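Asks: Below you'll find the structure I mean.
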Amino acid sequence: MTAGEGPGGAAGARAADWALATRAVHAGMSPDPATGAIVPPLVTTSIYAHDHPAPYSYGRDHNPTWERLEEALSELESGAGAVVFGSGMAALSAAVATVPLGGTVVAPADSYTGLRRLLGELEAAGRLRVRLVQSADTEAVARACGGAQLVCLETLTNPLLRVPDIAAVVAAAHAAGARCLVDNTFATPIGCRPLSFGADIVVHSASKYLGGHSDLVLGAVVAGSAELAETLRVYRTDHGAIPGQLEAWLALRGLRTLALRVPRQMASAAWLATRLEADPRVVRVHHPALPGHPDHDRAQRQLPAGFGGVISMELHGTADDAEAVCRGTRLWSHATSLGGVESTLERRARWPGDDHLPPSLLRLAVGIEDREDLLDDLVGALDRVGAAGGQD
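Listed below in C-alpha cells is the structure:
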C-alpha cells in the first residue's frame, strides 16, 4: 500500500496543506472502514481469508496496522514510502543490505555502536568494505565517497552530538554514485527531515522518540523513492524482519503526541546544557545549542526547531564517580535508551564499542519532566558524590 491509499488515504490527500503537528495527529487516522472507529484497530491476525476483497494474503507479508504506521511515517518524513521493521537494527540491516557484495559503505566513526558493530562484522565476513570518517568533517566525508555505494550519517551523532552537513554530504555521495542514508532518530521529523536535503533513506529506531513511552521495540525506514521502499518491503518479508502488530499500534499512538513531547524535550535539553556547562564539576558539555559547540552555526541552519533532547557531559573525577552520579539520581532513570517521556542517563564507556569515549562521559536523555526538578536532581547527585570525596 502506498501513501494516500487505503486507511487514512483521504486524510493523506489533504496533508500537504497541514502543519507537521497536525500531520502527526491525523496521518493514518481515517475511520476504520469496517466499524467507523476513529482510533485505528489493532489487527492481530496471522492469516487472511482467500478470495476476500481486501488485498492481504499472509501475516508475514502484510498487516493493516503496519500500513497505517507506514503511511504516517512516510507523511511525516515526506517520503515515497515507509517500511517498519522489528527493531531499529533490523531497519539499518535492511538498508545496508541494499549494498552489493563487495561494495563500500562510508559511516561515521562516532556513530551508534550497533551500526559500527554490524558493519565490522560484515566487513570481517568479506560482505563489504567500510570506511569510517568523522561525519561533521564534510571534506573528509567527500574524500571517502569515491567508489562507495552507501554513505551513512546521523542527524546528531550518538553520543557526542556532532552535526554533519547533510546537503553537502548528500551532494558528494550522489556525485560518487552512492546513496545517502540518514539516521534521524535523535532529531525526529520535528527537528529535521533529511529527505528534503536530498537523502535517499531515512532510518528511525521507533523505540525512541516516535513511540515515546519506552514500551516497544521497533524500527522504520522511509525511502525517497517508491522503488526503494518496495525493495526494502520485499527484504522484510523474505528475511522475516517483521514488526509485532501491538508494537506498530503503540508507535502509531505515540506519534500523536510527537509534536508536544519533542519540542519540550529539546527546549529542556538546551536549558539544562547551559546550566550544566556552568557547573565547576563538569569538564565539558556536548550539545549543539551551546554557542561553543563546534557545529552550533550549522545546527542553527539545519535544525531550526531545536537541537535535540540528548546531552552528553564529561565530569571531573573517575568512571566510578560518574557511575555514582548515575546511581545517585532520583528522577533520572539509570538506563540505556532515550526518547521516552522519562529522563534517562548512563555512562556510555561502560559498553564495548563505546569504551573509546571519555570514561566519565554521561549521556543524558531529557524527558518531559519539569526542567528545574531535573536540574535539582542532577545537582543533588553531584553534591552527594562530591561529599563522599569522589570529585576532584
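Taking this note's numbering, the leading residue of the sequence shown gets 224, the next gets one more, and so forth. Every residue, glycine too, gets a C-beta built ideally from N, C-alpha and C. Since the structure is predicted, the reported quantities are computational estimates derived from the model, not experimental observations.
#1: Using a threshold of 7 Å, is the CB atom of A522 nearer than that to any non-hydrogen atom of the ligand SAH?
#2: I'd like the span of the beta strand (DSSP E) that includes C375, first residue to last.
#3: Grab the span of the beta strand (DSSP E) containing S428 for me, first residue to last.
#4: Three-state secondary structure (DSSP) at I270?
#5: Using the rule of at least 16 other Cβ atoms within 10 Å of the residue's Cβ for burial, across every protein chain shown, is A233 buried or exposed?
#6: Are the beta-carbon atoms belonging to E377 and S334 less than 8 Å from one another?
#7: DSSP puts G304 in a beta bridge; with which residues?
#8: Within a Cβ cutoff of 6 Å, which residues of the same chain sit near E228, ignoring the five residues on either side of it in sequence?
#9: Taking the beta strand (DSSP E) that I591 falls in, what are its first and last residues?
#10: For D461, is the classification buried or exposed, using 16 other Cβ atoms within 10 angstroms of its Cβ as the cut-off for buried?
#11: Examine the Cβ distances between the segment 303-312 and the segment 540-550 and report whether three or more of them are shorter than 8 Å.
#12: Can you look up L568 in the DSSP assignment and give me helix, strand or coil?
#13: Please name the residue in G302, A394, P264, A528 whose C-alpha comes closest to that of R487.
#14: Just to confirm my understanding: we take T552, look at its own chain, exclude 5 residues before and 5 after, and list those with CB closer than 6 Å. What are they?
#15: Please classify T559: is it buried, with 16 or more other beta-carbons within 10 angstroms of its beta-carbon, or exposed?
#16: Counting beta carbon pairs with one atom in the segment 386-393 and one in the segment 509-529, are three or more of them shorter than 8 Å?
#17: May I have the straight-line CA-CA distance separating V444 from S310, to the nearest angstrom?
#18: For L601, which three-state DSSP category applies?
#19: Report yes if the CB atom of A492 is closer than 8 Å to the CB atom of V589, and no otherwise.
#20: Under a three-way DSSP split, which group does E228 fall into?
#21: Taking the runs of the beta strand (DSSP E) that are 3 residues or longer, which of them lie wholly in the segment 447-517?
#22: Let me know the secondary structure DSSP gives M536 once reduced to three states.
#23: Would you decide whether V393 is buried or exposed? Buried here means 16 or more other CB atoms lie within 10 Å of its CB.
#24: Determine which residues share a DSSP beta bridge with P575 and list them.
#25: Which stretch, first to last residue, makes up the alpha helix (DSSP H) that contains L243?
#26: What residue range does the alpha helix (DSSP H) around T361 cover?
#27: In terms of alpha-carbon separation, which member of P287, A318, G369 lies closest to S253?
#28: Using the rule of at least 16 other Cβ atoms within 10 Å of the residue's Cβ for burial, across every protein chain shown, is L469 buried or exposed?
#29: By Cβ distance, which residues of its chain are closer than 6 Å to D423, with the 5 residues on each side in sequence left out?
Replies: In short:
#1: Of ligands this structure carries none, so the ligand SAH is not represented either.
#2: In the sequence shown, counting from the first residue as 1, residue 375 sits at position 152. Run containing C375: 373-377, per the beta strand (DSSP E) assignment.
#3: Your numbering for residue 428 matches position 205 in the sequence shown. Segment 424-428, the beta strand (DSSP E) holding S428.
#4: Walking along the sequence shown from the start, residue 270 turns up at place 47. Correct three-state label for I270: strand.
#5: Position 10 of the sequence shown, counting from 1, holds the residue named residue 233. Only weak support exists for where A233 lies, its pLDDT of 41 falling under 50; the coordinates are left without a value.
#6: Position 154 of the sequence shown, counted from the start, is the residue given in the question as residue 377. Position 111 of the sequence shown, counted from the start, is the residue given in the question as residue 334. Yes; because the gap between Cβ atoms is below 8 Å, this pair is in contact.
#7: In the sequence shown, the residue the question calls residue 304 occupies position 81. Bridge partners of G304: A446.
#8: Here residue 228 is taken as the residue at index 5 of the sequence shown, counted from 1. For E228, the pLDDT reaches just 40, beneath the cut-off of 50, and the residue's location in the model is therefore unreliable, leaving the point undetermined.
#9: On the sequence shown, residue 591 is found 368 positions in, with the first residue counted as 1. Segment: none, I591 is in no beta strand (DSSP E) and carries neither H nor E.
#10: Against the sequence shown, residue 461 aligns to sequence position 238. By the 10 Å Cβ count, D461 comes out exposed.
#11: no
#12: Residue 568 sits at position 345 when you count from the first residue of the sequence shown. Note: L568 maps to strand in three-state DSSP.
#13: Against the sequence shown, residue 487 aligns to sequence position 264. The candidate whose alpha carbon is nearest that of R487 is A528.
#14: Translated into positions along the sequence shown, residue 552 becomes position 329. D600, A604, listed in sequence order.
#15: To locate residue 559, count along the sequence shown from 1; it is residue 336. It counts as exposed.
#16: yes
#17: The count along the sequence shown starts at 1 and reaches residue 444 at position 221. The count along the sequence shown starts at 1 and reaches residue 310 at position 87. Straight-line Cα distance between these residues: approximately 11 Å.
#18: The residue given as residue 601 occupies position 378 in the sequence shown. Note: L601 maps to helix in three-state DSSP.
#19: Looking up residue 492 in the sequence shown gives position 269. Looking up residue 589 in the sequence shown gives position 366. For A492 and V589, yes; Cβs fall inside 8 Å.
#20: In the sequence shown, counting from the first residue as 1, residue 228 sits at position 5. Here E228 scores only 40 on pLDDT, less than 50, and its place in the model should not be relied on; the value that follows carries that caveat. Note: E228 maps to coil in three-state DSSP.
#21: 505-509
#22: Working through the sequence shown from its first residue, we reach residue 536 at position 313. In the structure shown, M536 sits in a strand (DSSP, three-state: E or B).
#23: Position 170 of the sequence shown, counted from the first residue, corresponds to residue 393. Classification of V393: buried, given that the 10 Å Cβ count is 16 or more.
#24: Translated into positions along the sequence shown, residue 575 becomes position 352. Its beta-bridge partners do not exist; DSSP assigns none.
#25: The residue labelled residue 243 in the question sits at position 20 within the sequence shown. Residues 243-249.
#26: The count along the sequence shown starts at 1 and reaches residue 361 at position 138. Note, T361: alpha helix (DSSP H), 361-367.
#27: Within the sequence shown, the letter at position 30 stands for residue 253. The candidate whose alpha carbon is nearest that of S253 is P287.
#28: On the sequence shown, position 246 is the one that residue 469 refers to. Classification for L469: exposed.
#29: As a first step, residue 423 is located in the sequence shown; it is residue number 200 there, counting from the start. Around D423: R402, C403, G447.
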